[in-house]
Amino acid sequence: VECRMTATTPAIHELIRANLDRAPMFTGEIEGRGPRYCPSIEDKVVRFADRESHLVFLEPEGLATHSVYPNGISTSLPLDVQQEMIRRLPGCEHAEILQPGYAVEYDMVPAWQIDATGETKSIPGLFLAGQINGTTGYEEAGGQGLMAGLNAARRVMEEEPIRLGRDEAYIGVMMDDLVTKDPREPYRMFTSRAEHRLRLRADNASERLGERALELGLLDDAHAQHFQEATARRNQIEEAFDSVRVQGTLLRDLAGRPDIPVAELRGHLERHGSGEICSVALGRAVVAQRYAGYLPRADAEARRQAELENKPIPEWLNPQQIPGLRSEAVEVLQQFQPRTFGQASRLAGVNPTDLSLVALAVRRGPSDPSVTEGAPT
Ligand SMILES: Cc1cc2nc3c(=O)[nH]c(=O)nc-3n(C[C@H](O)[C@H](O)[C@H](O)COP(=O)(O)OP(=O)(O)OC[C@H]3O[C@@H](n4cnc5c(N)ncnc54)[C@H](O)[C@@H]3O)c2cc1C
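If you're matching positions, the sequence shown starts at 31 in my numbering and goes up one per residue.
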């Protein structure tokens, strides 16, 4: 499939500027803020005023059609301006618009109304996933769908809900962000949002989550078998790393050195009769070994955070009844109702002293009159 590229011109930018008063996203008719990372063409022209041109990707919409999606010029401008804009786009002089661009304003469920399982707090049994929770993106929607679907099924089967930790999966980071932050713009899952990036790698996704998926019954027979075979192949290499020596040096130590090519390691394994070597398993084992020096430090930090992270905040706790708690913290804790200290620690408006007071109240327990009085049932 041929995908072509063109670009806007100064004349197009002039046209857009002259018609900004007809773009609802600029006149205030639409108040919501669009995704920062895919701005409309009028947004680009205003925000990056020094740029004379913006790329437009001409993406064919199918094999048996002449229709093309011009990626990069999403817009809320009226049809006559869109037609003029397309006519002035180099290469598109004779193009016809089949479906004009448009802007819509979405509404969303606020963060404090959902749990990290996707379940709404006010309507138990109602699970939400995707854009309705304030995200944008395919993977974001898919990841939430997985959690919401899994937990909805477990709820029906009266099984414990499943939440993923921030150190376990990007889905864990996203779900936690969604229920603790009050996004001002559509949420996208960036790797930079994760504090445990050394561990959350694409190459170890199945190792991190495979066992869990197996336990939870999320893998069908073929995937379960594939996972178990891959684990066995990986274990075989790990064992060889600890038993094979090359001129006195353990293969594991050689594997950790970035200057030793993987092909050389493979050669050593083959010469020592380590059986058939799986390239994927070897690649993963080498990556893990090269990170190994850094991981203990990252793990120690993750453990320290996990202690706080998973410490539950009981539902009987009434922030209003906690002696000395600042009114801002009371308000935020009541609004978001965090279920763990980790979630509470990330709420804007809750500081470490507030957390100590909450911890003290939890230690005192529900029998303490200052805590239970007026507590929600
Ligand atoms: C033009 C455009 C380009 C995009 N490009 C990208 C991109 O390149 N990469 C990326 O990651 N993301 C992109 N996105 C964002 C991404 O498409 C969405 O964030 C994501 O698809 C949202 O998934 P969702 O399941 O939450 O909602 P949707 O996919 O909107 O699903 C909601 C579904 O509910 C149905 N529905 C609505 N009301 C009812 C009702 N009353 N009864 C029954 N069904 C109903 C709708 O028909 C729809 O099928 C783009 C979005 C747009 C608009």
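Note that CB positions come from ideal geometry on N, CA and C, so glycine has one too.
- E170 counts as buried, since at least 16 other C-beta atoms from the protein chains shown sit within 10 angstroms of its C-beta.
- Here the alpha carbon of T105 sits roughly 49 angstroms from the alpha carbon of P326.
- Rounded to whole angstroms, the Cβ separation of A141 and F157 is 15 angstroms, and the two are not in contact under 8 angstroms.
- In the DSSP secondary-structure assignment, R34 is bridged to L88.
- Going by C-alpha positions, E188 is about 24 angstroms away from G160.
- In the structure shown, the three-state DSSP call for E339 is helix.
- Under DSSP, V209 forms no beta bridge with any residue.
- Take the alpha-carbon of L128 and the one of Y200: they are about 38 angstroms apart.
- Burial check for T165: the Cβ neighbour count within 10 Å reaches 16 or more, so the residue is buried.
- According to DSSP, residue pairing for Y136 in a beta bridge does not occur.
- If you check the C-beta of S104 against ligand 1, you find a heavy atom less than 7 angstroms away.
- Rounded to whole angstroms, the separation of the alpha carbons of P108 and A378 is 40 angstroms.
- Counting along the chain, P100 sits inside no alpha helix (DSSP H); it lies in the beta strand (DSSP E) bounded by residues 98-101.
- Just so you know, the alpha carbons of E306 and H298 end up roughly 12 angstroms apart.
- In chain order, M138, V139, I144, Q174, L208 place their CB closer than 7 angstroms to the CB of N163, counting only its own chain and leaving out the 5 sequence neighbours on each side.
- The three-state secondary structure of I144, taken from DSSP, is strand.
- A178 has its Cβ no nearer than 7 angstroms to any heavy atom of ligand 1.
- Every residue whose beta carbon comes nearer than 5 angstroms to a heavy atom of ligand 1 appears here in chain order: G160, Q161, T166, G167, Y168, A171.
- In the three-state reduction of the DSSP assignment, L280 falls in the strand class, which pools E and B.
- In the structure shown, the three-state DSSP call for T95 is coil.
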